[in-house]
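These notes are about the structure you will find just below.
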Amino acid sequence: AAPRARPRILLKAPTLAEMEEMNLSEDDDSP
Amino acid sequence: RPLNIPRKEKDFQGMLEYKRDDEPKLIKNLILDLKPRGVAVNLIPGLPAYILFMCVRHADYLNDDQKVRSLLTSTINGIKKILKKRGDDFETVSFWLSNTCRFLHCLKQYSGEESFMKHNTSRQNEHCLTNFDLAEYRQVLSDLAIQIYQQLVRVLENILQPMIVSGMLEHETIQGVSGVKPTGLRKRTSSIADEGTYTLDSIVRQLNTFHSILCQHGMDPELIKQVVKQMFYIIGAVTLNNLLLRKDMCSWSKGMQIRYNVSQLEEWLRDKNLMNSGAKETLEPLIQAAQLLQVKKKTDEDAEAICSMCNALTTAQIVKVLNLYTPVNEFEERVLVSFIRNIQLRLRDRKDSPQLLMDAKHIFPVTFPFNPSSLALETIQIPGSLALGFISRV
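Protein chains in written order, with my numbering: chain S, 1 to 31; chain E, 1001 to 1394.
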């Protein structure tokens, strides 16, 4: 089968550190 | 209770459907609560990674970018969390390094990028992501894998460290060679120490344990080679550093013992088919130091031979070994100061580091060569033991 076209929409990702910060602030908000 | 009508595998498309609200439960059951030594022992290697990827595929199929983003972020944070909690457990770290790499390979293999599709079956090509390019998330996962690798190295270092000096230097296995202690030197280990003392066998057994866990978790063979190379580097560096600090380790018979120990480590590599891992080469400074203890150290020719032989040792290390060298019997002689001067003169043009000790904490840069899997996603079943009844095969 012919290879399919590449998915087009690039999902922007935060860096690992940014992800951790987001996660920490989520944790802070939790009761 | 809905009737579960069995379907043929060819009817499945290799995706897993879950409700957005169930994502925390998915992460909890599949990442946070999964015990590598319990349930995970019976799983196919990399199963958590395949499950997560099949969930990503379904979110991609739905064209739901928020669901994809959320799952990837929660996955990465879940892995980081479990490694924070059980980061000193070799099995946990090895398990998540293997799975993070497998997840990364899946994201490449099914990315739709031709360079990653060369080994795919036509069915696998049909399973490529449809809507989203996850290249940036691949980079994050690769960064995460590097962090986990470094953590793995620290864990194995902590386990190996207490064994090395005892097993590689102090414990003597060659009968008859070491009967005589260097005159004027006291044995560092007490006579009662033997019970709790690590031997070369302890080190080899530990290497076997590490190796079998890595294999059991389906770690990429190229990554296993890098782990083994790093372990051997640590063993070589710690051994050499101690030799360079201890007069009682610088004798002809210790040289013999070290060479024997190194040969056993080489034998281990051969046995595990890891001779091409670069591990043996990391022992070269130690091998040369052991040879230096054993060669003649008197004439001009001896000096010449030493200088050409010891190319993996720095001048400071060579001179230190010669200075520490201690004869243990009447057939051996102390190294004359003039001989050491001779060596120093010959090596003065060498542009090597003035450092005496090796950096035992050095970690070689790690790479994760792409390793596609032949496993057909549509055949993957989820064992009940994972408690993931809320996700369904699509």
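C-beta atoms are modelled at their ideal positions from N, C-alpha and C, and glycine is treated no differently.
These numbers come from a predicted model, not from an experiment.
First through last residue of the alpha helix (DSSP H) which encompasses residue i
i: residue 1281(E); result: 1279-1282
i: residue 1224(E); result: 1221-1243
i: residue 1385(E); result: Neither: residue 1385(E) is in no alpha helix (DSSP H) and is coded neither H nor E.
i: residue 1310(E); result: Per DSSP, residue 1310(E) belongs to no alpha helix (DSSP H) and is neither H nor E.
i: residue 1078(E); result: 1065-1085
i: residue 1355(E); result: Premise fails: residue 1355(E) is in no alpha helix (DSSP H) and is neither H nor E.
i: residue 1102(E); result: 1090-1109
i: residue 1318(E); result: 1315-1324
i: residue 1058(E); result: 1047-1061
i: residue 1331(E); result: Unbroken run through residue 1331(E): none, as it is neither H nor E.
i: residue 1025(E); result: 1023-1027
i: residue 1266(E); result: 1252-1271
i: residue 1209(E); result: 1200-1216
i: residue 1337(E); result: 1337-1346
i: residue 1114(E); result: Element bounds for residue 1114(E): n/a, residue is neither H nor E.
Cβ of residue i within 8 Å of any chain S Cβ
i: residue 1391(E); result: no
i: residue 1259(E); result: no
i: residue 1145(E); result: no
i: residue 1182(E); result: Note that residue 1182(E) scores a pLDDT of 48, beneath 50, so its modelled location is shaky; the value from the coordinates is reported in the next line. No, because no Cβ of chain S sits closer than 8 Å to the Cβ of residue 1182(E).
i: residue 1189(E); result: Confidence at residue 1189(E) is low in this model, with a pLDDT of 47, below 50, so the placement of that residue is unreliable and no value is reported for it.
i: residue 1023(E); result: no
i: residue 1131(E); result: yes
i: residue 1233(E); result: no
i: residue 1376(E); result: no
i: residue 1135(E); result: yes
i: residue 1037(E); result: no
i: residue 1069(E); result: yes
i: residue 1140(E); result: yes
i: residue 1099(E); result: no
i: residue 1080(E); result: yes
i: residue 1027(E); result: no
i: residue 1033(E); result: no
i: residue 1076(E); result: yes
i: residue 1011(E); result: no
i: residue 1064(E); result: no
i: residue 1388(E); result: no
Neighbour flag for residue i against chain E, beta carbons, 8 Å
i: residue 20(S); result: yes
One or two residues paired with residue i in a DSSP bridge
i: residue 1017(E); result: 1392(E)
i: residue 33(S); result: The structure shown does not extend to residue 33(S), since chain S is modelled only from 1 through 31, so no value can be given for it.
Contact set between residue i and chain C, taken where Cβ atoms lie within less than 7 Å
i: residue 1073(E); result: The chain inventory of the structure shown lacks chain C, comprising the protein chains S and E.
*Below 8 Å, can you find three or more Cβ-Cβ pairs linking the stretch 1339-1347 of chain E to the stretch 1262-1280 of chain E?*
no
*asked:* With three or more beta-carbon pairs closer than 8 Å as the criterion, would you say the stretch 1101-1108 of chain E touches the stretch 1363-1379 of chain E?
replied: yes
*Touch check for the stretch 1159-1176 of chain E and the stretch 1251-1258 of chain E: three-plus C-beta pairs under 8 Å?*
yes
*Completely contained alpha helix (DSSP H) runs for the stretch 1135-1174 of chain E, where each covers 4 or more residues*: 1135-1164
*Hey, is the stretch 1193-1213 of chain E in contact with the stretch 1019-1031 of chain E, meaning 3+ C-beta pairs nearer than 8 Å?*
no
*Can you find at least 3 beta carbon pairs, one from the stretch 1081-1100 of chain E and one from the stretch 1151-1158 of chain E, that sit closer than 8 Å?*
yes
*Counting Cβ pairs, one atom from each stretch, are 3 or more of them under 8 Å apart for the stretch 1342-1356 of chain E and the stretch 1306-1318 of chain E?*
yes
*Determine contact between the stretch 1351-1365 of chain E and the stretch 1236-1254 of chain E, defined as no fewer than three beta-carbon pairs at a distance below 8 Å.*
yes
_Cβ contact (3+ pairs, closer than 8 Å) linking the stretch 10-21 of chain S and the stretch 1017-1024 of chain E_ = no
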